[in-house]
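**Student:** Got a structure for you, questions after.
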Amino acid sequence: MATTTSTARMQCWRDLQVVSGSPRWFLVELSNGQEGFIHSSLTVPSTQTSTPKCDTLQRVRAADWALAQLGKTYDDTGRQVTWAPGPDKEWSGDCLAFVNHSYRIAGHTGLGAATAIGQWNSPPAGAIKMTGLLPRYGDPVFTNIPSVGHTAIYIGGTSMIGTQGVDGSRLPIEIYSLYNKYPTYQGYLKLGS
568 MATTTSTARM QCWRDLQVVS GSPRWFLVEL SNGQEGFIHS SLTVPSTQTS TPKCDTLQRV
628 RAADWALAQL GKTYDDTGRQ VTWAPGPDKE WSGDCLAFVN HSYRIAGHTG LGAATAIGQW
688 NSPPAGAIKM TGLLPRYGDP VFTNIPSVGH TAIYIGGTSM IGTQGVDGSR LPIEIYSLYN
748 KYPTYQGYLK LGS
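In this text, residue positions in the sequence shown follow my numbering: the first is 568, and each later residue adds one.
This is how it looks when you write it as structure tokens:
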């Protein structure tokens, strides 16, 4: 008798009422490493005994906060923040600050470094630098723009959310393709579960 193995592992669950019926959605990881959210109606019984709630995973909380900033030009959390290179509270030209802030909101100590390329070259302790594979939902992704690089947060389907423009341009946070807007994809940092 042949043995079958699970092709997906549930990473976490959340309740989100976007369709009629059950509000339960699961973030699943396929055996090829790809991740995505699926509705509970599309799942089959599993031998997996427990699945944490999505808000317990820092990378998911970081991505969720970043998505809540879509279309905004600055941090409106009410905190007084100043960071280089952009003017006070402006995201344009400050990709690393946006990703760092997303992770700090999620409870992480931040990614450090002064530039995205600096972060890629010297990741924080405990981070695993990954290349050539699709990132997980919420992982910081990196592209090689000469001298400074660019970083954003992966949100699935080859899309990332992050800053655009340079200092002073006051452009909003946007969602863009991992491969089209910045075609020199380097990889991502795996910062835990």
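A virtual CB, placed ideally from N, CA and C, is assigned to each residue, including glycine.
Can you find the residues in the same chain that come closer than 8 Å, C-beta to C-beta, to R646, ignoring five residues on each side of it along the sequence?
**Tutor:** Taking the first residue of the sequence shown as 1, we reach residue 646 at position 79. Caution applies to R646, whose pLDDT of 47 falls short of 50 and renders its modelled position unreliable; the value that the coordinates give is listed next. Nothing listed; no residue qualifies.
**Student:** Going by DSSP, what residues sit across from K696 in a beta bridge?
**Tutor:** As a working note, residue 696 is residue 129 in the sequence shown. DSSP, once it has assigned bridges, lists L756 as partnering K696.
**Student:** Is the Cβ-Cβ distance between P707 and L756 less than 8 Å?
**Tutor:** Sequence index remark: in the sequence shown, residue 707 carries index 140 (1-based). Sequence index remark: in the sequence shown, residue 756 carries index 189 (1-based). Pairing P707 with L756 gives a Cβ-Cβ distance under 8 Å.
**Student:** Can you tell me whether A692 is buried or exposed, with buried defined as 16 or more other CB within 10 angstroms of its CB?
**Tutor:** Position 125 of the sequence shown holds residue 692. A692 comes out exposed.
**Student:** How many Å lie between T718 and S726 at the Cα?
**Tutor:** The sequence position of residue 718 within the sequence shown is 151, counting from 1. The sequence position of residue 726 within the sequence shown is 159, counting from 1. Taking the straight line joining both Cα atoms gives about 12 Å.
**Student:** In angstroms with no decimal places, state the Cα-to-Cα distance between L700 and G754.
**Tutor:** Counting from one through the sequence shown, the residue named residue 700 turns up at place 133. Counting from one through the sequence shown, the residue named residue 754 turns up at place 187. Distance between the alpha carbons of L700 and G754 is about 7 Å.
**Student:** Is it true that the segment 622-632 meets the segment 670-684, where meeting means three or more beta-carbon pairs spaced less than 8 Å apart?
**Tutor:** yes
**Student:** Can the beta-carbon of Y752 be found less than 8 Å from the beta-carbon of Y746?
**Tutor:** In the sequence shown, the residue the question calls residue 752 occupies position 185. In the sequence shown, the residue the question calls residue 746 occupies position 179. Yes, these two residues count as a Cβ contact at 8 Å.
**Student:** To which residues of the same chain is P702 closer than 7 Å at the C-beta, ignoring the five residues directly before and after it?
**Tutor:** Locating residue 702 in the sequence shown gives position 135, counting from the first residue. Taken in chain order, the residues that qualify are V708, Y721 and Y755.
**Student:** Please work out which residues of its chain come closer than 7 Å, Cβ to Cβ, to K639, disregarding the five sequence neighbours upstream and downstream, and give them in chain order.
**Tutor:** By 1-based counting over the sequence shown, the position of residue 639 is 72. Leaving aside the five residues that flank K639 on each side, the residues in its chain whose CB is nearer than 7 Å to its CB run, in chain order, P739 and I740.
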